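Numbering (the working numbering), first residue to last: 10 to 216. The C-beta atom is built at its ideal place from N, Cα and C for all residues, glycine as well. Since the structure is predicted, the reported quantities are computational estimates derived from the model, not experimental observations.
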Amino acid sequence: MSSRAFTDYIDHIGDRTGMFLTVAAHTGARRALYPGSYLDLTPSYALPDVTYLDSDARARKAFADPAALALAGRHRRYPQDPAITFVPGDYTRTLRELPAAEWDLAISLYAGPVSEHATRCLKPGGWLLVNNSHADAGLARLNPAYRLAAAIHHRASRCRLLTDNLDHYLQPKTPPHPTREQLHTTSRGIAYTRPATAYLFQRVAQA
Ligand SMILES: C[S@@+](CC[C@H](N)C(=O)[O-])C[C@H]1O[C@@H](n2cnc3c(N)ncnc32)[C@H](O)[C@@H]1O
Numbered sequence: 010m011s012s013r014a015f016t017d018y019i020d021h022i023g024d025r026t027g028m029f030l031t032v033a034a035h036t037g038a039r040r041a042l043y044p045g046s047y048l049d050l051t052p053s054y055a056l057p058d059v060t061y062l063d064s065d066a067r068a069r070k071a072f073a074d075p076a077a078l079a080l081a082g083r084h085r086r087y088p089q090d091p092a093i094t095f096v097p098g099d100y101t102r103t104l105r106e107l108p109a110a111e112w113d114l115a116i117s118l119y120a121g122p123v124s125e126h127a128t129r130c131l132k133p134g135g136w137l138l139v140n141n142s143h144a145d146a147g148l149a150r151l152n153p154a155y156r157l158a159a160a161i162h163h164r165a166s167r168c169r170l171l172t173d174n175l176d177h178y179l180q181p182k183t184p185p186h187p188t189r190e191q192l193h194t195t196s197r198g199i200a201y202t203r204p205a206t207a208y209l210f211q212r213v214a215q216a
């Protein structure tokens with residue numbers, strides 16, 4: 010095995026380094042948690058300490074290879090050596106076994122209802138980067154543990170993080186907004202009037 014598994018995957022999905030750098034700069038986050046990461050190593054290009062979780066054996070095998078750390082080290086945009094941890098298994102179970110309130114940022118991209126399972130691992134005031142695939146942005150919108158803090162538009166290498174007029178985002182094209190139960194049943198993001206690539210939520214203190 011080599012770093013090829015990661016670079017092929019990142020070429021396939023599109024490099025999101027710019028988005029992670031923008032989020033790191035805005036939030037000051039250093040430790041991130043990425044449930045359902047598969048082979049998306051790019052958070053480690055922007056953030057010095059990332060914990061990846063996935064149930065897929067190919068991800069477990071790739072992250073066990075020293076090539077993962079070496080690749081992150083070559084691409085890192087921070088001074089220190091990268092720290093990478095991989096937790097195998099189903100995140101609905103493994104996230105319950107991780108320390109509470111330890112991470113600055115949780116990442117939820119195309120991997121199911123991560124927002125609900127990762128909350129306890131986030132520090133109060135910690136951040137959630139989430140997209141609308143698998144309905145997780147909608148679940149975060151309905152979750153009193155989170156408040157919307159920014160909308161992110163990322164295309165090619167350009168990333169804009171917007172904090173104004175946030176009430177224009179996450180408004181369903183066809184109201185009313187589905188309930189949590191409905192979103193769990195479909196596991197599909199609904200259409201919003203003003204879509205963004207991803208959304209940044211902040212964990213509210215007493216949730
Ligand atoms: C479509 S891929 C997305 C990978 C990556 N987040 C990205 O954006 O490129 C979804 C990944 O989530 C993982 N996944 C989905 N549900 C999971 C669960 N409950 N526990 C662990 N991994 C899960 C799958 O194994 C798969 O690797």
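Asked	Found
Proximity test, Asp63 beta-carbon vs ligand 1 heavy atom, cut-off 7 Å	yes
Segment contact flag, the segment 110-118 with the segment 84-94, C-beta cutoff 8 Å, min 3 pairs	no
DSSP three-state assignment for Gly27, whether helix, strand or coil	helix
Rounded separation between Ser12 and Met28 - CA only	22 Å
Cβ-heavy atom distance, Tyr54 to ligand 1, below 7 Å	no
Closest residue to Leu137 among Tyr208, Asp49 and Arg39 (Cα-Cα distance)	Tyr208
DSSP bridge partner residues for Pro184 (one or two, in chain order)	BP columns for Pro184 are empty, so no partner.
DSSP beta-bridge partners of Arg169	His162
Ser46: CB within 7 Å of a non-hydrogen atom of ligand 1	yes
Cβ-Cβ distance between Ala69 and Leu131 below 8 Å	According to the sequence displayed, residue 69 carries Arg and not Ala. No. Outside cutoff.
Separation of Asp17 from Thr195, as counted between CA atoms	30 Å
Sequence ranges, alpha helix (DSSP H) only - wholly within the segment 75-104, length at least 4	75-84
Proximal residues to Val59 (C-beta, below 7 Å), its chain only, five neighbours per side dropped	Ala41, Tyr43, Pro52, Ser53 and Ile93
Given Gln180 as reference, the closest of Ser46, Gly147 and His143 once Cα atoms are compared	Gly147
Ala205 beta carbon near ligand 1 (any heavy atom closer than 7 Å)	no
Spatially closest choice to Arg39 from Leu56, Thr103, Ala120 and His21, by CA coordinates	Leu56
Proximity test, Arg145 beta-carbon vs ligand 1 heavy atom, cut-off 7 Å	A quick correction: the sequence has Asp, not Arg, at residue 145. Asp145 Cβ: outside cutoff for every heavy atom of ligand 1.
Rounded separation between Ala216 and Leu157 - CA only	Bear in mind that a pLDDT of 45 at Ala216, under 50, signals an unreliable position, so the number given afterwards is only what the model happens to contain. Their Cα atoms are separated by approximately 14 Å.
Counted within 10 angstroms of its Cβ, other Cβ atoms place Ile19 as buried (16 or more) or exposed	buried
Per-residue DSSP class, three states only, for Val32	helix
Contact check, Ala110 vs Pro133, beta carbons under 8 Å	yes
Buried/exposed call for Asp99, threshold 16 Cβ in 10 Å	exposed
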